[in-house]
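Numbering-wise, the numbering used here puts 208 at position 196 of the sequence shown, and it's gapless, one number per residue. Have a look at the structure below, then the notes.
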Amino acid sequence: METAAPPPRRAWIEAFGCQTNLLDGEFAAGDLRRRGWVPAPSAEEADLVVFNTCSVRQHAEDKVWSRLGALAERKRRDPSLLVAVMGCMAQREGEEILRRAPVVDVVVGTRRYGDLARLVEEVEGTGRRVSALRDPSGGFEEPVRDVTVREQVHRGWVSVMRGCSHRCSYCVVPSVRGRQFDRDEASILEEVRRLAGDGATEIFLLGQNINTWGRTLPGRPTLPALLRRVHEVPGVRRIRFLTSNPMDIEIPLLDAMGELPRVMPYLHFPAQHGSDAVLRRMYRGYDRARYLELVGEARARVPGIELATDLIVGFPGETEEEFAALLSLVREVRWTMAFVFKYSVRPGTAAAALPDDVPEPVKSSRHAAVMAAQSEVEAALLAARVGTEVEVLVDGPSAKRPERMAGRTAHHQLAVLPEGAGGPGEYLRGRVVRATARVLHVDPAAAAAPGRP
Ligand code: SAH
Ligand code: F3S
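Shown next, in the form of structure tokens:
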């Protein structure tokens, strides 16, 4: 007698962190698929729930603990539910997660994401909960990834380095992701080619401190050289990279950006603060004047470049005067985008030894003040684009109004299209007809005819 095959088991992966974290999640998803798992439509309907975690701020970790609490309820009703935790919090807390959250079956650290799928199956077999952690500063080879399992077909993320060898005083990344370890050029290019072959036209190179890529490799290749190689890969139309720290940016990189048309004129260039005293306490290795000088270099060498930043308010000891220096930098630099964070103490970092003495309400009001200034700057920058022609890479339905498609311009500004126009992965040229709070409204019908300037 024939019996029907059991339905495939369903996995739900939820990310809490940065792009590197999303990329590791894509790897785990590909590996699970290879082993017969299919994506679950929601966490509730999943046989396996994976939390892909972040440790950069306490808040990100709190969210995961509370989600684990909620899952514990479900596991009481359904003991076959499997739960795994991967990423930076898994690395930081390690075994403690198994102790504190009996709902968790598998914990894998930042350099063990390649083992997640296998360990899940091991737990199924043995019933024994496991953790897999490794000193994040050891050597590391990127496991070969199934590039056909990705969030967006047209966008391919590629990790070019792991870890970071700086020690910014607030930052937990070096301890959870280890010292910098670069991936070699051949392996990067091989993955880029496979991504392009699978339909990725935008390549996003990822590294915590990407400007220093190559320093740990024989012959010390450099990021500008790598960009030139990626630029030659057939099918690649847009190249972006993250994150450019001001302490390590070099002029040849800016020149390469100016010269290579497929490297997009957009730089994530985190200033963190505008006060020299605070920058010193953060161990950032540059001061305000140096940052502004680099902004000038970038704008001179990459015409029309847009810059984005991360900023931290409420760092230990931040006085009114120091905060004013941060606020004034927002108006002076005019970033197209600013990610603004309230300082959060991270155990084991140098800043954890300083008193977290800016009261929460003050952090909140400073955060709001920076956001308000930034919104004004952003609105003006977007308004200045009205009437210009842009190229939009369509990502998918707009979050706010799903009947319209949204995407990004070369400058990484958010653009929405009229209803009915465009589909995910398409490149559309059009004229900016209007700018609202954070968005350019682009009309493809208003583009100049092809062939005309
Ligand atoms: N070089 C990394 C930085 C990762 S952390 C990169 O790829 O961007 C991302 C941002 O989080 C940092 O730029 C910083 O602005 C913010 N951040 C890091 N540690 C923080 C902390 N302890 N409290 C608040 N914000 C923090
Ligand atoms: Fe963190 Fe500074 Fe490195 S922000 S990731 S220690 S450059």
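Don't be surprised by glycine CBs; every beta carbon is placed ideally from N, CA and C. Note that the coordinates shown come from a computational prediction; the quantities given were computed from them, not determined experimentally.
Residue i: beta carbon under 7 Å from a heavy atom of the ligand SAH?
i: Asp369; result: no
i: Gln220; result: yes
i: Pro282; result: yes
i: Ser356; result: yes
i: Arg241; result: no
i: Phe353; result: yes
i: Tyr182; result: yes
i: Cys484; result: The chain is shown only over 13 to 465; residue 484 falls outside these bounds and no answer can be derived.
i: Asn257; result: yes
i: Leu254; result: yes
i: Arg69; result: yes
Measuring from the CB of residue i, is there a heavy atom of the ligand HEM at a distance below 7 Å?
i: Ile324; result: The ligand HEM is not among the ligands present in this structure, which contains only the ligand SAH and the ligand F3S.
Just checking my contact of residue i with residue j at CB under 8 Å: how many whole Å lie between their CB atoms?
i: Pro466; j: Trp49; result: With the chain represented from 13 up to 465, any question about residue 466 goes unanswered, as that position is not in the structure.
i: Asn221; j: His178; result: 6 Å
i: Ile200; j: Leu238; result: 7 Å
i: Ala391; j: Met417; result: So it is not a contact: roughly 23 Å between Cβ atoms.
i: Gly247; j: Val172; result: Their Cβ separation, rounded to whole angstroms, is 19 Å, which puts Gly247 and Val172 out of contact at 8 Å.
i: Leu254; j: Gln31; result: 6 Å
i: Arg450; j: Glu403; result: At roughly 19 Å, the Cβ-Cβ gap does not stay under 8 Å, so Arg450 and Glu403 are not in contact.
i: Arg420; j: Val389; result: About 19 Å; that fails the 8 Å criterion.
i: Ile215; j: Val170; result: 6 Å
i: Phe327; j: Val374; result: 12 Å between Cβ atoms; not a contact.
Would residue i and residue j be called neighbours here (beta carbons separated by less than 8 Å)?
i: Trp347; j: Thr321; result: yes
i: Arg206; j: Gly190; result: no
i: Ala268; j: Leu128; result: no
i: Phe193; j: Thr228; result: yes
i: Val120; j: Leu110; result: no
i: Val184; j: Thr65; result: no
i: Ile261; j: Leu306; result: yes
i: Ala385; j: Leu339; result: yes
i: Ile324; j: Tyr278; result: no
i: Ser181; j: Ala337; result: no
i: Pro430; j: Asp407; result: no
May I ask you to report which of helix, strand or coil DSSP gives residue i?
i: Gln192; result: coil
i: Leu201; result: helix
i: Cys243; result: The question names Cys, but residue 243 is His in the sequence shown. Three-state DSSP puts His243 in a helix.
i: Tyr125; result: helix
i: Gly37; result: helix
i: Asn257; result: coil
i: Ile317; result: coil
i: Trp77; result: helix
i: Gly219; result: coil
i: Pro465; result: With a pLDDT of 40 at Pro465, under the threshold of 50, the modelled position of that residue is not reliable, and the figure given next carries that caveat. Looking at Pro465 - three-state DSSP - the assignment turns out to be coil, as it is neither helix nor strand.
i: Tyr303; result: helix
i: Ala17; result: coil
i: Ser143; result: strand
i: Pro328; result: coil
i: Asp117; result: coil
i: Phe281; result: coil
i: Arg346; result: coil
i: Asp210; result: coil
i: Glu26; result: strand
i: Val370; result: coil
i: Glu56; result: coil
i: Gly99; result: strand
Please tell me whether, using a cut-off of 7 Å, the distance from the CB of residue i to the nearest non-hydrogen atom of the ligand F3S is below it.
i: Val451; result: no
i: Arg179; result: yes
i: Trp185; result: Per the sequence shown, residue 185 should be read as Val rather than Trp. At least one heavy atom of the ligand F3S is nearer than 7 Å to the Cβ of Val185, so yes.
i: Cys66; result: no
key: Runs of beta strand (DSSP E) wholly within the segment 377-435 (minimum 3 residues, chain order)   = Whole beta strand (DSSP E) segments, 3+ residues: 401-409, 417-421 and 426-428.
ask   = Enumerated in chain order, which unbroken segments of the beta strand (DSSP E) with a length of 3 residues or greater are wholly contained in the segment 155-187?
value = 167-171
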